[in-house]
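Just below is one structure, and these are the notes that go with it.
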Amino acid sequence: MLQPFFEFYQKLKILDDHFLYVRGLPFFGTWWSYLAALSILSGDTKELNDVTEYVSSNCHDYDFEYLKAELTAYREDQPQILLPFVEKRLEGVRPDFPNGYSFMKRAVIKGRIATSQEEANLLLDNVSLKENDPPWLADIRTLAKAEIAHRFSNIEVEGRRIDEFMAKQTMLLEPDIALNFHLLRYQETLKPRFQTK
Numbered sequence: 000m001l002q003p004f005f006e007f008y009q010k011l012k013i014l015d016d017h018f019l020y021v022r023g024l025p026f027f028g029t030w031w032s033y034l035a036a037l038s039i040l041s042g043d044t045k046e047l048n049d050v051t052e053y054v055s056s057n058c059h060d061y062d063f064e065y066l067k068a069e070l071t072a073y074r075e076d077q078p079q080i081l082l083p084f085v086e087k088r089l090e091g092v093r094p095d096f097p098n099g100y101s102f103m104k105r106a107v108i109k110g111r112i113a114t115s116q117e118e119a120n121l122l123l124d125n126v127s128l129k130e131n132d133p134p135w136l137a138d139i140r141t142l143a144k145a146e147i148a149h150r151f152s153n154i155e156v157e158g159r160r161i162d163e164f165m166a167k168q169t170m171l172l173e174p175d176i177a178l179n180f181h182l183l184r185y186q187e188t189l190k191p192r193f194q195t196k
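Taking numbering that gives the first Met the number 0, the leading residue of the sequence shown gets 0, the next gets one more, and so forth.
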């Protein structure tokens, strides 16, 4: 399913979003995220490693430094590796712009390295979502809070957060979205609940 697109990327060698969009191809970052999600869930990241190495050496018009950091962060489940990149992208952003995606991503990453459940939840609660931010970011917050409760062995709170998430989401989040918010592995543990819903 994913291989035909990679053949196009290999042929074109230009991974700029607009360049790919006008040719009817998916953005490389989106395609790569799907490959990463499937690779991680299968437990075999060889193809992902090879693809990342290939495009970094043979293609252009893409942030390959960030791509390599993503590879390590997602593969090793070490989201803090991406924090400097996310922080840099948030420098000088206009407060009136819908930046909820990046702010939520930063909060999730910081929450993963927080030393208490309260600290991690506060980081998520401090993200203010605007009217024109994607509405599913609120569900990311809920799922992230469930993951936090799980990590700190708070089963009762985790159950409430999962119920809240499932009440809003009829299906699991798209794999690329779950991956980008470092919730892919945790979300996978919820699959049996959704299958019996």
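Even for Gly, the Cβ is constructed at its ideal location relative to N, Cα and C.
| Asked | Found |
| --- | --- |
| Extent of the continuous alpha helix (DSSP H) to which Y65 belongs | F63 to E75 |
| Buried versus exposed call for R22 [16 or more other C-beta atoms within 10 Å across all chains shown] | exposed |
| 4 or more residues per run - each alpha helix (DSSP H) lying fully within the region 143 to 193 | 154 to 167, 174 to 179 and 183 to 187 |
| K87 classed as buried or exposed, judged by whether at least 16 other C-beta atoms fall within 10 angstroms | exposed |
| Nearest-angstrom Cβ-Cβ length linking I161 and R192, presumed shorter than 8 Å | 7 Å |
| Proximity winner among E69, S32, Q79 and H17, relative to A113 (alpha-carbon distances) | Q79 |
| Under 8 Å between C-beta atoms of Q186 and L142 | yes |
| Beta-carbon gap between D132 and G91 smaller than 8 Å | no |
| Assigned exposure category for S56 - 16 Cβ within 10 Å defines buried | exposed |
| Beta-carbon proximity list for N179, same chain, < 8 Å, skipping 5 on both sides | S32 and K104 |
| Cβ neighbours of I13 in the same chain (closer than 6 Å, five flanking residues each side left out) | D60 |
| Contiguous alpha helix (DSSP H) assignments of at least 4 residues, all confined to the region 84 to 145 | 99 to 111 and 116 to 124 |
| Check whether I108 and R74 have beta carbons under 8 Å apart | no |
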